[in-house]
Amino acid sequence: MCLQLRRPTIGGVSTTAFVATRAVAPDLARGAALLFIAIANAHLFLFGHDVGVRGHAADPGPVDRAVALGQVLLVDGRAYPLFGVLFGYGLVRLAEQRGHAVVRTRARRLLLLGAVHAALLFSGDVLGPYGLLGLALGGLVATAPAARLRRLAGGFLVGPALAGAALAAPGPPDQRSWLVSTGVADPVSAAVVRIVEWAVVGLVQALGLAAAVLLGGWVARRGLLDAPGDHRPVLLRIASVGFTVSILGALPLATMAATVWPDPGLAARLVAGALHGVTGYAGGLAFVAVAGLVAARAQGRVARALTECGRRSLSCYVVQSVVFVAVLAPYGGGLGDRVGLAGATGLAVGTWALLVVIAVLVGRAGRRGPLEAWLRRP
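The opening position of the sequence shown corresponds to residue 9 in the numbering used here, with each subsequent residue numbered one higher.
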């Protein structure tokens with residue numbers, strides 16, 4: 009979602025002119041992470057079911073139970089920190105190339121786009137929170153030295169701890185969808201509810217993602233994604249330690265979401281949620297490190313396709329919501345009360361795969377995504 013500096017070569021072939029200043033690793037990471045975003049978001053469009061931990065079904069079948077375990081363990085609370093790191097990285101590079109005024113302009117546009125996305129499609133929108141963080145932290149992230157950014161990120165980890173606890177807290181006993189707007193049948197009424205939800209959820213997300221944006225500035229200051237081949241030992245260490253911490257930290261909440269740990273008390277849910285939120289940042293950094301390691305090697309067809317998708321991640325992210333509304337919303341396809349978590353996950357994977365193919369075709373035509381073109385217009 010952010011402009012980078014370096015000229016990439018993929019498979020020995022230079023990219024087209026409009027992406028000549030973009031680094032490969034961040035786009036590769038975005039393209040892959042869009043799959044996780046799709047999986048994390050799709051089940052939030054389900055309704056008409058009793059809601060359990062983090063929006064998963066309170067009484068899932070065997071297949072949904074297995075999917076919930078894997079999703080909370082590996083995806084939930086990990087994909088958005090990954091994008092937050094990449095956003096912070098991009099803030100630094102954009103400020104270096106275009107100046108702080110352009111950073112503020114693009115942050116305002118992200119905030120506007122987030123409001124539209126939330127009103128029309130999905131109150132769990134993250135573009136608005138990123139725009140808010142770009143306005144609030146853009147100058148700091150772009151100018152502070154690496155050591156200070158790392159210390160500040162550590163201090164801001166209270167944010168994901170509180171956000172994680174809030175997301176793990178039980179809702180009303182008669183709750184039939186995690187987001188109230190998801191179950192509203194009238195599209196106009198649903199839009200009004202989504203705006204209210206977004207105002208609350210967006211602030212929680214901004215609080216939780218501030219540390220990730222600061223960590224992205226640290227990654228940029230260290231140059232870990234500009235020349236990842238020169239930082240292979242560091243990236244390997246980040247990946248191995250990060251995934252270990254992330255999985256272990258997610259395990260308690262994952263067992264609750266999958267009802268392997270049935271009927272946890274309130275205190276247990278809050279502690280597990282806070283632990284899940286904080287350790288998600290280790291997972292996000294680990295995914296960034298893996299993208300750097302892959303980008304440092306010769307790029308295969310899959311990596312090239314993911315990179316093309318990542319270059320159009322803003323457009324792909326919004327189109328995912330369009331598909332989910334069209335298929336699952338009560339005023340759309342209405343399937344949100346008929347399918348379970350496994351079905352929603354299948355829809356997410358299929359949507360992402362189709363968008364990767366479309367992104368490759370758009371890339372071959374030498375064109376940006378439509379929202380990327382709008383974001384970068386003078």
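A virtual CB, placed ideally from N, CA and C, is assigned to each residue, including glycine.
Check, Outcome
"Per-residue DSSP class, three states only, for residue 65", "strand"
"Residues sharing a beta bridge with residue 59, DSSP", "65"
"Completely contained alpha helix (DSSP H) runs for the region 217–282, where each covers 4 or more residues", "240–265"
"Given 8 angstroms, three or more beta-carbon pairs between the region 170–190 and the region 235–247", "no"
"Spatial distance of residue 360 from residue 351 (CA atoms)", "14 angstroms"
"Own chain, CB closer than 6 angstroms to residue 145, minus 5 neighbours either side, in chain order", "221"
"DSSP three-state assignment for residue 360, whether helix, strand or coil", "helix"
"Three-way DSSP call (helix, strand, coil) for residue 194 in this model", "coil"
"Sequence-distant residues of its chain with Cβ nearer than 7 angstroms to residue 75 (five each side left out)", "349, 350, 353"
"When 56, 86, 305, 113 are compared against residue 8, the one with the closest alpha-carbon", "Outside the shown range of the chain, which is 9 to 386, sits residue 8, and nothing can be said about it."
"Backbone CA spacing between residue 340 and residue 53 [nearest angstrom]", "11 angstroms"
"Simplified DSSP state of residue 177, which is helix, strand or coil", "coil"
"Through-space distance from residue 357 to residue 333, alpha-carbon basis", "15 angstroms"
"For residue 197, the nearest candidate out of 122, 338, 343, 245 (CA to CA)", "338"
"Distance between residue 136 and residue 120 (C-alpha atoms, nearest Å)", "7 angstroms"
"Distance, residue 36 Cα to residue 288 Cα", "20 angstroms"
"Cβ shell of residue 201 (< 6 angstroms), same chain only, five flanking positions each side left out", "188, 189, 192"
"Which of helix, strand or coil DSSP assigns to residue 328", "helix"
"Pick from 309, 316, 284 that is closest to residue 168, judged by C-alpha positions", "284"
"Of the listed residues 372, 298, 258, nearest to residue 319 (C-alpha basis)", "372"
"C-beta atoms of residue 379 and residue 262 nearer than 8 angstroms", "no"
"Integer-rounded CB distance, given that residue 369 should sit under 8 angstroms from residue 317", "That belief does not hold up - the Cβ atoms of residue 317 and residue 369 are roughly 11 angstroms apart, past 8 angstroms."
"C-alpha gap between residue 143 and residue 325, whole angstroms", "21 angstroms"
"Residues near residue 161 by beta carbon distance below 6 angstroms, same chain, minus five either side", "219, 222, 223"
"Burial state of residue 151 (16 or more Cβ within 10 Å)", "exposed"
"Neighbourhood of residue 195 by C-beta, 6 angstroms cutoff - its chain only, sequence neighbours within 5 removed", "339"
"Spatial neighbours of residue 384 in its chain, beta-carbon cut-off 6 angstroms, leaving aside the 5 residues before and after", "none"
"Outcome for residue 275 when other beta-carbon atoms lying within 10 angstroms are tallied against a minimum of 16", "exposed"
"Heavy atom of the ligand SAH within 7 angstroms of residue 366 beta-carbon", "Summarising the ligand content, the structure contains no ligands, and the ligand SAH is consequently not present."
"Pairwise C-alpha distance: residue 199 and residue 128", "6 angstroms"
"Beta-carbon separation (whole angstroms), residue 228 vs residue 32, contact threshold 8 angstroms", "No, residue 228 and residue 32 are not in contact; Cβ-Cβ is about 15 angstroms, not under 8 angstroms."
"Anticipated Cβ contact below 8 angstroms, residue 44 with residue 83, distance rounded", "5 angstroms"
"Endpoints, alpha helix (DSSP H) assigned at residue 378", "378–383"
"DSSP state of residue 349 mapped onto helix, strand, coil", "helix"
"Residue 315 to residue 39 span [Cα, whole Å]", "6 angstroms"
"Counted within 10 angstroms of its Cβ, other Cβ atoms place residue 92 as buried (16 or more) or exposed", "buried"
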